[in-house]
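Heads up: the sequence shown begins at 3 in our numbering, then just goes up one per residue.
The structure appears right after this line, and notes come after that.
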Amino acid sequence: MIVGVPREIYPKERRVALVPAVIPNLKKAGMDVYIEAGAGLQAGYPDKDYEEKGAKIVSGRAELFRAADIIVQFLVYGANDKTGNADLSLFHKGQALVGFMRPLGSAKTMEEIAACGVTSFAVELMPRTTRAQSMDALSSMATICGYKAVLVAAGTLPRMFPMLTTAAGTIAPARVLIIGAGVAGLQAIATARRLGAVASAYDMRPASKEQVQSLGGRFVELAIEAKDAQDARGYGKAQDESFYAKQRELLGNVIAESDVVITAAVIPGKKSPVLVTREMVARMAPGSVIVDLAAERGGNCELTVPDEITVNEGGVTIIGEYNLAGTVPYHASQMFARNVTAFLLHLVKDSKLQLNLQDEITRETLVTRDGEVVNARVREFFGLPALQTAPASGGD
(Lines of atoms letter the chains of each structure in order from A and count residues from 1; the text may use other names and numbers.)
(Lines give C-alpha, C1' and ligand atoms only; values in the text may rest on other atoms or scores of the structure.)
Protein backbone atom coordinates (compact mmCIF):
# COMPACT_ATOMS: atom_id res chain seq x y z
CA MET A 1 0.00 0.00 0.00
CA ILE A 2 1.58 3.26 -1.17
CA VAL A 3 0.52 6.60 0.28
CA GLY A 4 1.41 9.52 -1.98
CA VAL A 5 1.79 13.11 -0.80
CA PRO A 6 1.85 15.65 -3.65
CA ARG A 7 2.98 19.24 -3.37
CA GLU A 8 0.05 21.57 -2.66
CA ILE A 9 -0.83 23.65 -5.73
CA TYR A 10 -3.35 26.11 -4.28
CA PRO A 11 -1.85 29.62 -4.74
CA LYS A 12 0.41 30.57 -1.79
CA GLU A 13 -0.39 27.32 0.06
CA ARG A 14 2.64 26.35 2.16
CA ARG A 15 1.32 23.37 4.14
CA VAL A 16 2.04 19.70 3.46
CA ALA A 17 -0.27 16.78 4.20
CA LEU A 18 2.24 14.51 6.01
CA VAL A 19 5.33 15.37 8.04
CA PRO A 20 8.39 13.15 8.58
CA ALA A 21 7.51 12.27 12.20
CA VAL A 22 4.40 10.25 11.22
CA ILE A 23 6.06 8.10 8.56
CA PRO A 24 7.38 5.35 10.90
CA ASN A 25 3.84 4.72 12.19
CA LEU A 26 2.51 4.36 8.66
CA LYS A 27 5.36 2.06 7.63
CA LYS A 28 4.77 -0.09 10.70
CA ALA A 29 1.18 -0.54 9.49
CA GLY A 30 2.36 -1.68 6.04
CA MET A 31 2.17 1.62 4.18
CA ASP A 32 5.04 3.06 2.17
CA VAL A 33 5.09 6.84 1.78
CA TYR A 34 6.05 8.65 -1.43
CA ILE A 35 6.59 12.42 -1.27
CA GLU A 36 6.69 14.72 -4.27
CA ALA A 37 10.05 16.50 -4.25
CA GLY A 38 9.90 19.77 -2.32
CA ALA A 39 6.37 19.16 -1.01
CA GLY A 40 7.26 19.99 2.59
CA LEU A 41 9.96 22.60 2.06
CA GLN A 42 7.82 25.72 2.59
CA ALA A 43 6.36 24.24 5.77
CA GLY A 44 9.84 23.63 7.17
CA TYR A 45 10.22 19.94 6.22
CA PRO A 46 13.02 19.35 3.65
CA ASP A 47 13.18 16.20 1.53
CA LYS A 48 16.13 14.79 3.50
CA ASP A 49 14.01 14.69 6.68
CA TYR A 50 11.46 12.52 4.90
CA GLU A 51 14.14 10.23 3.51
CA GLU A 52 15.67 9.79 6.96
CA LYS A 53 12.30 8.53 8.21
CA GLY A 54 11.95 6.06 5.33
CA ALA A 55 9.91 7.94 2.72
CA LYS A 56 10.71 7.88 -0.99
CA ILE A 57 11.11 11.20 -2.80
CA VAL A 58 9.46 11.27 -6.25
CA SER A 59 10.50 14.00 -8.67
CA GLY A 60 7.40 14.10 -10.90
CA ARG A 61 3.80 14.74 -9.86
CA ALA A 62 2.35 12.43 -12.51
CA GLU A 63 4.72 9.65 -11.42
CA LEU A 64 3.58 10.07 -7.82
CA PHE A 65 -0.11 9.84 -8.73
CA ARG A 66 0.51 6.75 -10.89
CA ALA A 67 2.27 4.92 -8.07
CA ALA A 68 0.05 5.86 -5.13
CA ASP A 69 -2.83 3.71 -3.89
CA ILE A 70 -3.87 6.55 -1.58
CA ILE A 71 -3.34 10.25 -2.27
CA VAL A 72 -3.28 12.49 0.82
CA GLN A 73 -3.65 16.20 0.16
CA PHE A 74 -4.41 19.20 2.29
CA LEU A 75 -6.64 20.85 -0.33
CA VAL A 76 -8.21 18.41 -2.75
CA TYR A 77 -10.07 19.65 -5.84
CA GLY A 78 -13.17 21.23 -4.33
CA ALA A 79 -11.36 22.87 -1.44
CA ASN A 80 -8.83 23.97 -4.05
CA ASP A 81 -11.23 25.77 -6.36
CA LYS A 82 -8.49 27.64 -8.21
CA THR A 83 -6.04 25.04 -9.52
CA GLY A 84 -7.29 21.73 -8.12
CA ASN A 85 -8.91 20.54 -11.35
CA ALA A 86 -5.40 20.04 -12.77
CA ASP A 87 -5.21 16.86 -10.69
CA LEU A 88 -8.37 15.27 -12.17
CA SER A 89 -6.46 13.83 -15.11
CA LEU A 90 -3.92 12.29 -12.73
CA PHE A 91 -6.36 10.26 -10.62
CA HIS A 92 -6.88 6.63 -11.55
CA LYS A 93 -9.70 4.20 -10.94
CA GLY A 94 -9.53 2.44 -7.59
CA GLN A 95 -7.28 5.08 -6.05
CA ALA A 96 -8.25 6.54 -2.66
CA LEU A 97 -8.17 10.26 -1.94
CA VAL A 98 -8.05 11.89 1.51
CA GLY A 99 -8.14 15.60 2.35
CA PHE A 100 -10.25 18.72 2.65
CA MET A 101 -12.75 18.58 -0.24
CA ARG A 102 -15.45 21.14 0.61
CA PRO A 103 -18.07 18.47 -0.22
CA LEU A 104 -21.04 20.82 0.33
CA GLY A 105 -19.61 23.44 -2.01
CA SER A 106 -20.43 22.16 -5.50
CA ALA A 107 -22.33 19.07 -6.67
CA LYS A 108 -20.59 19.33 -10.06
CA THR A 109 -17.15 19.16 -8.45
CA MET A 110 -18.07 16.09 -6.39
CA GLU A 111 -19.45 14.39 -9.49
CA GLU A 112 -16.24 15.18 -11.41
CA ILE A 113 -14.19 13.54 -8.66
CA ALA A 114 -16.55 10.55 -8.64
CA ALA A 115 -16.21 10.21 -12.42
CA CYS A 116 -12.48 9.61 -11.97
CA GLY A 117 -13.30 6.36 -10.17
CA VAL A 118 -11.59 7.38 -6.93
CA THR A 119 -12.75 6.47 -3.44
CA SER A 120 -12.62 9.84 -1.73
CA PHE A 121 -12.84 10.90 1.91
CA ALA A 122 -13.54 14.46 3.08
CA VAL A 123 -11.86 15.05 6.42
CA GLU A 124 -14.18 17.98 7.24
CA LEU A 125 -17.06 15.48 7.51
CA MET A 126 -15.36 13.67 10.39
CA PRO A 127 -17.95 13.03 13.12
CA ARG A 128 -17.38 14.92 16.35
CA THR A 129 -17.19 11.89 18.60
CA THR A 130 -14.67 10.72 21.17
CA ARG A 131 -13.49 7.93 18.83
CA ALA A 132 -12.85 10.38 16.01
CA GLN A 133 -11.25 13.13 18.09
CA SER A 134 -7.70 12.23 17.05
CA MET A 135 -8.77 12.45 13.38
CA ASP A 136 -10.58 15.80 13.59
CA ALA A 137 -8.56 17.94 11.17
CA LEU A 138 -11.25 20.62 11.02
CA SER A 139 -10.85 21.33 14.73
CA SER A 140 -7.07 21.35 14.37
CA MET A 141 -7.18 24.01 11.66
CA ALA A 142 -9.82 25.99 13.57
CA THR A 143 -7.50 26.06 16.59
CA ILE A 144 -4.76 27.63 14.48
CA CYS A 145 -7.17 30.10 12.86
CA GLY A 146 -8.40 31.32 16.24
CA TYR A 147 -4.85 31.79 17.48
CA LYS A 148 -3.61 33.54 14.35
CA ALA A 149 -6.68 35.79 14.09
CA VAL A 150 -5.77 37.42 17.41
CA LEU A 151 -2.13 37.87 16.39
CA VAL A 152 -3.16 39.45 13.08
CA ALA A 153 -5.55 41.77 14.92
CA ALA A 154 -2.88 42.71 17.47
CA GLY A 155 -0.44 43.51 14.68
CA THR A 156 -3.00 45.71 12.92
CA LEU A 157 -4.54 47.54 15.87
CA PRO A 158 -2.78 50.89 16.50
CA ARG A 159 -2.68 50.24 20.23
CA MET A 160 -1.31 47.58 22.58
CA PHE A 161 -3.34 44.70 23.98
CA PRO A 162 -2.30 44.56 27.68
CA MET A 163 -2.91 47.04 30.45
CA LEU A 164 0.40 48.72 31.35
CA THR A 165 1.29 50.98 34.22
CA THR A 166 4.18 53.20 33.17
CA ALA A 167 5.85 56.46 34.16
CA ALA A 168 3.85 58.01 31.32
CA GLY A 169 0.58 56.83 32.83
CA THR A 170 -1.66 53.79 32.65
CA ILE A 171 -2.54 52.22 29.32
CA ALA A 172 -5.97 50.59 29.26
CA PRO A 173 -6.22 47.04 27.88
CA ALA A 174 -7.71 46.41 24.45
CA ARG A 175 -11.28 45.12 24.34
CA VAL A 176 -11.70 42.05 22.13
CA LEU A 177 -15.10 40.61 21.21
CA ILE A 178 -15.35 37.12 19.71
CA ILE A 179 -18.61 36.19 17.99
CA GLY A 180 -18.95 32.43 17.74
CA ALA A 181 -17.47 30.34 20.54
CA GLY A 182 -16.61 27.20 18.64
CA VAL A 183 -13.08 25.77 18.47
CA ALA A 184 -11.67 28.84 16.68
CA GLY A 185 -13.52 31.27 18.92
CA LEU A 186 -12.40 29.59 22.13
CA GLN A 187 -8.77 29.60 20.98
CA ALA A 188 -9.14 33.29 20.11
CA ILE A 189 -10.40 34.00 23.63
CA ALA A 190 -7.48 32.16 25.19
CA THR A 191 -4.95 33.92 22.96
CA ALA A 192 -6.43 37.38 23.54
CA ARG A 193 -6.29 36.75 27.27
CA ARG A 194 -2.65 35.65 27.07
CA LEU A 195 -1.84 38.91 25.31
CA GLY A 196 -3.49 40.85 28.12
CA ALA A 197 -6.70 41.98 26.43
CA VAL A 198 -10.15 41.98 27.99
CA ALA A 199 -11.95 39.23 26.08
CA SER A 200 -15.71 38.87 25.66
CA ALA A 201 -17.61 36.37 23.58
CA TYR A 202 -21.09 35.78 22.26
CA ASP A 203 -22.60 32.56 20.95
CA MET A 204 -26.24 31.67 20.38
CA ARG A 205 -25.61 28.25 21.95
CA PRO A 206 -26.18 28.58 25.73
CA ALA A 207 -23.81 25.68 26.40
CA SER A 208 -20.92 27.89 25.26
CA LYS A 209 -21.21 30.16 28.31
CA GLU A 210 -19.35 27.82 30.65
CA GLN A 211 -16.57 27.23 28.11
CA VAL A 212 -16.06 30.96 27.58
CA GLN A 213 -15.95 31.67 31.30
CA SER A 214 -13.54 28.79 31.93
CA LEU A 215 -11.02 30.61 29.70
CA GLY A 216 -11.41 33.88 31.59
CA GLY A 217 -13.69 35.49 29.02
CA ARG A 218 -16.89 37.40 29.70
CA PHE A 219 -19.95 35.83 28.10
CA VAL A 220 -22.22 38.36 26.40
CA GLU A 221 -25.84 37.46 27.05
CA LEU A 222 -28.53 38.86 24.78
CA ALA A 223 -32.27 38.95 25.45
CA ILE A 224 -32.93 36.53 22.61
CA GLU A 225 -33.01 32.75 22.44
CA ALA A 226 -32.18 30.59 19.45
CA LYS A 227 -34.43 27.66 18.67
CA ASP A 228 -32.63 24.36 18.18
CA ALA A 229 -29.30 26.20 18.34
CA GLN A 230 -26.94 23.35 17.38
CA ASP A 231 -26.96 20.19 15.32
CA ALA A 232 -25.98 16.68 16.37
CA ARG A 233 -22.33 17.41 15.48
CA GLY A 234 -22.19 20.42 17.83
CA TYR A 235 -22.24 23.08 15.08
CA GLY A 236 -24.56 26.08 15.18
CA LYS A 237 -27.74 25.72 13.11
CA ALA A 238 -29.02 28.42 10.80
CA GLN A 239 -31.82 30.56 12.24
CA ASP A 240 -34.51 32.60 10.50
CA GLU A 241 -33.91 36.22 9.48
CA SER A 242 -36.00 37.61 12.34
CA PHE A 243 -33.57 36.03 14.81
CA TYR A 244 -30.54 37.51 13.05
CA ALA A 245 -32.20 40.94 12.85
CA LYS A 246 -32.83 40.96 16.60
CA GLN A 247 -29.34 39.62 17.23
CA ARG A 248 -27.75 42.42 15.19
CA GLU A 249 -29.77 45.01 17.04
CA LEU A 250 -28.65 43.75 20.46
CA LEU A 251 -25.01 43.22 19.43
CA GLY A 252 -24.61 46.72 18.04
CA ASN A 253 -23.66 48.42 21.30
CA VAL A 254 -21.19 45.69 22.29
CA ILE A 255 -19.45 45.90 18.90
CA ALA A 256 -19.27 49.70 19.04
CA GLU A 257 -17.38 49.49 22.34
CA SER A 258 -14.84 46.90 21.07
CA ASP A 259 -11.37 47.58 19.69
CA VAL A 260 -11.22 44.19 17.97
CA VAL A 261 -14.06 41.99 16.74
CA ILE A 262 -13.32 38.44 15.62
CA THR A 263 -16.23 36.65 13.96
CA ALA A 264 -16.28 32.87 13.69
CA ALA A 265 -19.95 32.01 13.15
CA VAL A 266 -19.98 29.41 10.38
CA ILE A 267 -22.93 27.22 9.36
CA PRO A 268 -21.60 24.14 7.49
CA GLY A 269 -22.64 24.18 3.85
CA LYS A 270 -24.48 27.48 4.09
CA LYS A 271 -23.69 31.15 3.56
CA SER A 272 -22.37 32.73 6.74
CA PRO A 273 -24.97 34.83 8.58
CA VAL A 274 -24.36 38.59 8.54
CA LEU A 275 -23.89 39.57 12.19
CA VAL A 276 -21.96 42.83 11.77
CA THR A 277 -23.64 45.36 9.49
CA ARG A 278 -22.06 48.40 7.85
CA GLU A 279 -23.97 50.55 10.38
CA MET A 280 -22.30 48.68 13.25
CA VAL A 281 -18.88 49.12 11.66
CA ALA A 282 -19.57 52.85 11.29
CA ARG A 283 -20.04 53.08 15.07
CA MET A 284 -16.61 51.55 15.82
CA ALA A 285 -13.69 53.84 16.67
CA PRO A 286 -11.12 54.64 13.95
CA GLY A 287 -8.31 52.11 14.00
CA SER A 288 -10.54 49.27 15.20
CA VAL A 289 -10.09 45.86 13.59
CA ILE A 290 -12.48 43.15 12.43
CA VAL A 291 -11.10 39.69 11.59
CA ASP A 292 -13.76 37.68 9.76
CA LEU A 293 -13.04 33.97 10.01
CA ALA A 294 -16.24 33.23 8.09
CA ALA A 295 -15.01 35.13 5.01
CA GLU A 296 -14.77 32.02 2.84
CA ARG A 297 -18.54 31.51 3.15
CA GLY A 298 -19.40 35.15 2.49
CA GLY A 299 -18.45 36.59 5.85
CA ASN A 300 -20.16 37.54 9.12
CA CYS A 301 -19.42 41.22 8.42
CA GLU A 302 -21.38 42.95 5.69
CA LEU A 303 -18.25 44.80 4.50
CA THR A 304 -15.95 41.78 4.32
CA VAL A 305 -14.24 41.20 0.98
CA PRO A 306 -13.20 37.51 0.87
CA ASP A 307 -9.43 36.99 0.95
CA GLU A 308 -8.71 40.73 1.13
CA ILE A 309 -7.92 43.38 3.74
CA THR A 310 -9.93 46.57 3.42
CA VAL A 311 -10.30 49.79 5.39
CA ASN A 312 -13.67 51.52 5.49
CA GLU A 313 -14.14 55.27 5.34
CA GLY A 314 -14.22 55.45 9.13
CA GLY A 315 -10.77 53.88 9.46
CA VAL A 316 -11.87 50.39 10.54
CA THR A 317 -9.74 47.58 9.09
CA ILE A 318 -11.69 44.49 7.94
CA ILE A 319 -9.58 41.38 7.41
CA GLY A 320 -11.18 38.74 5.21
CA GLU A 321 -8.21 36.42 4.72
CA TYR A 322 -9.50 32.86 5.01
CA ASN A 323 -6.41 30.68 4.90
CA LEU A 324 -5.01 31.81 8.23
CA ALA A 325 -4.10 28.23 9.16
CA GLY A 326 -1.89 28.18 6.06
CA THR A 327 0.15 31.06 7.48
CA VAL A 328 1.35 28.76 10.28
CA PRO A 329 2.42 25.93 7.96
CA TYR A 330 4.84 24.11 10.26
CA HIS A 331 2.39 23.34 13.05
CA ALA A 332 -0.66 23.23 10.76
CA SER A 333 1.07 20.47 8.78
CA GLN A 334 2.10 18.68 11.96
CA MET A 335 -1.43 18.68 13.37
CA PHE A 336 -3.06 17.68 10.07
CA ALA A 337 -0.51 14.89 9.57
CA ARG A 338 -1.33 13.41 12.98
CA ASN A 339 -5.07 13.60 12.25
CA VAL A 340 -4.69 11.98 8.82
CA THR A 341 -2.32 9.30 10.11
CA ALA A 342 -4.88 8.29 12.74
CA PHE A 343 -7.51 8.19 9.97
CA LEU A 344 -5.33 6.08 7.66
CA LEU A 345 -4.57 3.63 10.47
CA HIS A 346 -8.33 3.37 10.98
CA LEU A 347 -9.02 2.73 7.28
CA VAL A 348 -6.10 0.47 6.28
CA LYS A 349 -5.91 -3.04 7.73
CA ASP A 350 -3.59 -5.77 6.48
CA SER A 351 -2.31 -3.43 3.76
CA LYS A 352 -5.82 -3.03 2.30
CA LEU A 353 -8.35 -0.20 2.40
CA GLN A 354 -11.25 -1.53 4.44
CA LEU A 355 -14.62 0.14 3.86
CA ASN A 356 -16.80 -0.90 6.76
CA LEU A 357 -19.90 1.20 6.25
CA GLN A 358 -21.27 0.11 9.61
CA ASP A 359 -18.51 2.25 11.09
CA GLU A 360 -19.61 5.87 11.54
CA ILE A 361 -16.16 7.36 10.86
CA THR A 362 -15.83 5.61 7.50
CA ARG A 363 -19.46 6.10 6.48
CA GLU A 364 -19.66 9.80 7.32
CA THR A 365 -16.38 10.79 5.61
CA LEU A 366 -16.75 8.66 2.46
CA VAL A 367 -17.90 10.94 -0.39
CA THR A 368 -17.35 9.07 -3.68
CA ARG A 369 -16.98 5.43 -4.62
CA ASP A 370 -17.40 3.37 -7.80
CA GLY A 371 -18.16 6.45 -9.90
CA GLU A 372 -20.92 7.76 -7.63
CA VAL A 373 -21.32 10.39 -4.95
CA VAL A 374 -22.30 8.03 -2.12
CA ASN A 375 -22.35 10.24 0.96
CA ALA A 376 -25.95 10.48 2.21
CA ARG A 377 -25.49 13.93 3.72
CA VAL A 378 -23.94 15.33 0.53
CA ARG A 379 -26.64 13.79 -1.68
CA GLU A 380 -29.40 15.19 0.55
CA PHE A 381 -27.77 18.64 0.62
CA PHE A 382 -27.71 18.85 -3.19
CA GLY A 383 -31.13 17.26 -3.61
CA LEU A 384 -29.76 14.13 -5.28
CA PRO A 385 -31.92 10.97 -5.05
CA ALA A 386 -30.95 8.56 -2.30
CA LEU A 387 -28.84 5.59 -3.37
CA GLN A 388 -29.75 2.01 -2.58
CA THR A 389 -28.19 0.77 0.63
CA ALA A 390 -24.51 -0.08 0.06
CA PRO A 391 -22.92 -3.29 1.36
CA ALA A 392 -22.04 -3.06 5.03
CA SER A 393 -18.37 -3.74 4.56
CA GLY A 394 -15.70 -4.53 2.05
CA GLY A 395 -12.16 -3.86 0.92
CA ASP A 396 -10.82 -2.06 -2.11
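The beta carbon of each residue, even a glycine, is placed where N, CA and C say it ideally should be.
Using 8 Å as the threshold, is the C-beta distance between V152 and A109 below it?
For V152 and A109, no; Cβs fall outside 8 Å.
Note down the Cα distance separating L217 from S141, rounded to an integer number of angstroms.
About 18 Å.
Quick check on L99: does DSSP put it in helix, strand or coil?
The answer is strand: DSSP assigns L99 an E or B state.
By Cβ distance below 7 Å, which residues in the same chain neighbour P129 in space, the five residues on each side in sequence not counted?
Cβ neighbours of P129 beyond the five flanking positions: R235, E362, I363 and E366.
Give the single residue among M137, G86 and T329 whose Cα lies nearest to the Cα of K14.
Answer by Cα proximity: T329.
Label L389 either buried or exposed according to how many other C-beta atoms from any shown protein chain fall within 10 Å of its C-beta, with 16 as the threshold for buried.
Exposed, since its Cβ has fewer than 16 Cβ neighbours within 10 Å.
Could you tell me whether the stretch 48-58 touches the stretch 369-380, where touching means 3 or more Cβ pairs closer than 8 Å?
Cβ pair count under 8 Å is below three, so no.
Let me know the secondary structure DSSP gives D372 once reduced to three states.
It is coil, neither helix nor strand.
Where do the ends of the alpha helix (DSSP H) carrying I146 lie?
Per DSSP, I146 belongs to the alpha helix (DSSP H) from A139 to T158.
Tell me whether the beta-carbon of S335 lies closer than 8 Å to the beta-carbon of V18.
Closer than 8 Å, so yes.
With DSSP collapsed to three states, give me the class of E223.
Coil at E223, not helix or strand.
Tell whether a beta-carbon distance below 8 Å holds between S290 and V178.
Not closer than 8 Å, so no.
Can you list, in chain order, the residues of its chain whose CB lies under 6 Å from that of A139, leaving out five sequence neighbours each side?
Within the same chain, A139 has close Cβ partners V125, F338 and N341.
Using 10 angstroms around the beta-carbon of R133, count the other beta-carbons present and answer buried if the total reaches 16, otherwise exposed.
R133 comes out exposed.
Residues in the same chain with beta-carbon distance under 6 Å from E298, minus the five sequence neighbours each way, listed in chain order, please.
These residues qualify, in order along the chain: Y324.
Return helix, strand or coil for R280, following the three-state DSSP convention.
DSSP places R280 in helix when its eight states are reduced to three.
Do L127 and V74 have their C-beta atoms closer together than 8 Å?
No, Cβ-Cβ distance for L127 and V74 is not below 8 Å.
Using the C-alpha atoms, what's the distance from G182 back to G148?
Roughly 11 Å between the two C-alpha positions.
How close, in whole Å, do the beta carbons of E310 and G322 come, if the pair is a contact with beta carbons under 8 Å?
Confirmed, about 5 Å.
Given 8 Å as the limit, is there contact between the stretch 188-208 and the stretch 279-288, that is, 3 or more CB pairs closer than that?
Too few Cβ pairs lie closer than 8 Å, so no.
What first and last residue would you give for the beta strand (DSSP E) that runs through D34?
That run of the beta strand (DSSP E) goes D34 to E38.
I need the boundaries of the beta strand (DSSP E) containing Y204, first residue and last residue.
Element bounds for Y204: V200 to Y204.
Along the chain, where does the alpha helix (DSSP H) that runs through V185 open and close?
V185 to R196 is the extent of the alpha helix (DSSP H) around V185.
So, for M3: in the same chain, excluding its five sequence neighbours on each side, which residues have a beta-carbon less than 8 Å away from its beta-carbon?
Result list for M3: G32, M33, D34, D71, I72, V350, S353, K354 and L355, in chain order.
I need the DSSP call for G6, collapsed to helix, strand or coil.
Correct three-state label for G6: strand.
Is it the case that the Cβ atoms of F93 and V78 are separated by a distance below 8 Å?
It is not a contact, given that the beta carbons lie outside the stated cut-off.
Identify whether D352 lies in helix, strand or coil by the three-state DSSP scheme.
Coil, per DSSP.
Consult DSSP for G171 and reduce its assignment to one of helix, strand or coil.
The answer is strand: DSSP assigns G171 an E or B state.
So, helix, strand or coil for N87, using DSSP?
N87 falls in the helix class under three-state DSSP.
As an exercise, report each continuous alpha helix (DSSP H) stretch of at least 4 residues that is fully enclosed by the stretch 53-85, in chain order.
List check, alpha helix (DSSP H) in window: 63-69.
Using the rule of at least 16 other Cβ atoms within 10 Å of the residue's Cβ for burial, across every protein chain shown, is N255 buried or exposed?
Label assigned to N255: exposed.
Please report the residue range of the alpha helix (DSSP H) in which V307 lies.
Per DSSP, V307 belongs to no alpha helix (DSSP H) and is neither H nor E.
Any idea what DSSP makes of L252, helix, strand or coil?
Helix, per DSSP.
Please classify V18: does DSSP put it in a helix, a strand, or coil?
Three-state result, V18: coil.
Quick one: what does DSSP say T329 is sitting in, helix, strand or coil?
In the structure shown, T329 sits in a helix (DSSP, three-state: H, G or I).
Does the beta-carbon distance from L386 to L368 come in below 8 Å?
In this structure, L368 does not lie closer than 8 Å to L386 by Cβ.
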